[in-house]
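Adding 1 to a residue's 1-based position in the sequence shown gives its number in this note's numbering.
We put the CB at the ideal spot given by N, CA and C, even for glycine.
Keep in mind it's a predicted model, so treat the numbers as computed, not measured.
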Amino acid sequence: MLRFAAFSVIASLATGPAFAGKPAVTLAAQTFVEKVTTDVNGNARRVLAAPGQISRGDRLVFVVRYRNNGAAPVDGFAVTNPIPASLRVDPNHPDMQVSIDNGRNWGRLTGMTVATPLGGVRRATADDVTHVRWTVPQAIRPGDEGRISYRATVR
2 MLRFAAFSVI
12 ASLATGPAFA
22 GKPAVTLAAQ
32 TFVEKVTTDV
42 NGNARRVLAA
52 PGQISRGDRL
62 VFVVRYRNNG
72 AAPVDGFAVT
82 NPIPASLRVD
92 PNHPDMQVSI
102 DNGRNWGRLT
112 GMTVATPLGG
122 VRRATADDVT
132 HVRWTVPQAI
142 RPGDEGRISY
152 RATVR
């Protein structure tokens with residue numbers, strides 16, 4: 002069994018006003034373990050629970066909420082999360098970009114390759130992902146909030 006530790010979230014502004022002190026956009030991150038239970042009718046139901054003790058094969062759900070607490074719109078806002086080596090991210094979210102080189106390059110996993118020890122290349126897989134990122138496509142107006150979520154499996 003593994004004891005779950007919180008993950009870090011990095012936010013960045015591609016454009017917009019620089020801020021001193023308190024950032025205009027605040028983040029709140031939560032992590033859940035996805036459990037499959039059976040209801041009284043015998044149907045499978047997925048429920049989210051606090052992670053506590055986790056084991057290999059457990060599916061985790063990460064939720065990041067953002068809110069613009071400032072007085073001006075924020076444009077080009079991005080949320081970046083490092084992926085611990087103990088997790089394999091599900092890269093199928095249509096708005097998620099991934100990095101396989103610690104955040105130096107970004108894109109969809111389907112277009113990435115990894116150099117092999119013998120000088121060749123292979124297609125990148127979810128096991129190669131080191132970071133995930135979402136860029137909020139529109140300006141975040143004062144008071145607006147949103148949510149980003151993704152899944153990963155404990156290796």
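query                                                                                                                                                       : result
I'd like to check one pair, Y67 with G121: are the Cβ atoms closer than 8 Å?                                                                                : no
From this set, E35, A140, R46 and N93, which residue's C-alpha is nearest G53's C-alpha?                                                                    : E35
By a C-beta neighbour count over all protein chains shown, 10 Å radius and 16 as the cutoff for buried, is G71 buried or exposed?                           : buried
Leaving out five residues on either side along the sequence, give the residues of the same chain with a beta carbon under 7 Å from the beta carbon of R156. : R57, S87, L88 and R89
What's the gap between the Cα of G77 and the Cα of V41?                                                                                                     : 47 Å
Give me the DSSP bridge partner(s) of N69.                                                                                                                  : V26
When the Cα atoms are used, what is the spatial distance from P18 to A153?                                                                                  : Unreliable placement is indicated for P18, whose pLDDT of 45 sits below 50; the coordinate value is still reported in the next sentence. Near 34 Å, if we compare the C-alpha coordinates of A153 and P18.
Is the Cβ-Cβ distance between V80 and I141 less than 8 Å?                                                                                                   : no
Who are the near neighbours of V48 in its chain, counting only those whose CB is closer than 7 Å to its CB and skipping five residues on each side?         : K36 and T38
For D1, count neighbouring Cβ atoms within 10 angstroms of its own Cβ and tell me buried if that reaches 16, exposed if not.                                : The question about residue 1 has no answer, for the chain in this structure spans 2 to 156.
Taking 8 Å as the cut-off, decide whether the C-beta atoms of R124 and Q98 are in contact.                                                                  : no
Helix, strand or coil for A153? Go by DSSP, reduced to three states.                                                                                        : strand
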